[in-house]
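Single-structure report; data block below.
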Amino acid sequence: MIRILREAATDRRGAAAIEFALIFPMIFMLNIAAAEALQVYQAQRAVAHIAATMADITAQGRTVTDADLTDILSASTVMIHPFPSASLQQRVSSLVANGSGSVSLDWTAKRDYSGSDTPSVPSGYLAANESAIVADVIYDYRPSFGFFLPDTIRFERHAYARPRLSTKVEKSAN
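If you read the sequence shown in my numbering, its first letter stands for residue 27, the second for the next number, and so on.
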């Protein structure tokens with residue numbers, strides 16, 4: 027009996043299989059967590075890219091029509107790919123500072139937007155008689171694997187652009 031116990035204590039066969047069985051679940055979970063972290067990072071970058079693109083495209087012209095704004099807002103649903111666009115909220119606005127520097131809303135267009143009612147710019151961003159295009163994007167990201175992260179992660183991004191060809195981007199009906 028002692029001989030059997032001594033052989034069992036010194037026998038190393040199967041040790042690798044036992045070590046693998048103990049370590050595999052941790053490695054598997056780390057791999058899934060890394061994949062989820064990458065997805066979160068890509069979603070955050072997509073939201074920032076959408077906001078910057080919306081502001082930039084809107085600021086490129088002297089005027090913008092309702093159809094132009096609809097196209098800009100619709101293009102964002104393609105830009106968020108491969109993530110679902112159902113929770114994508116967007117708004118693009120023009121803010122104007124009057125002669126005394128007081129900032130007011132000139133026009134706005136939005137799609138499924140539930141954020142603040144009035145867009146804003148950082149203090150000191152606009153001098154008197156200047157204007158800016160402000161793009162706001164909100165995206166609620168839902169993780170693929172719910173046991174690592176909260177149910178929903180909300181990304182909010184704001185982008186600012188100055189009109190390129192005029193002092194203000196005018197909005198026309200068509």
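No residue lacks a Cβ here, since even glycine has one placed at the ideal position from N, Cα and C.
| query | result |
| --- | --- |
| First through last residue of the alpha helix (DSSP H) which encompasses residue 121 | Residue 121 -> not in any alpha helix (DSSP H); beta strand (DSSP E) instead, spanning 114-123. |
| Three-way DSSP call (helix, strand, coil) for residue 138 in this model | coil |
| Limits of the unbroken beta strand (DSSP E) element including residue 198 | 196-198 |
| Environment of residue 44 [buried if 16+ CB atoms lie within 10 Å] | exposed |
| Cβ pair residue 166, residue 183 closer than 8 Å | no |
| C-beta contact flag for residue 157 and residue 189 at 8 Å | yes |
| Beta-carbon proximity list for residue 118, same chain, < 6 Å, skipping 5 on both sides | 80, 84, 135, 161 |
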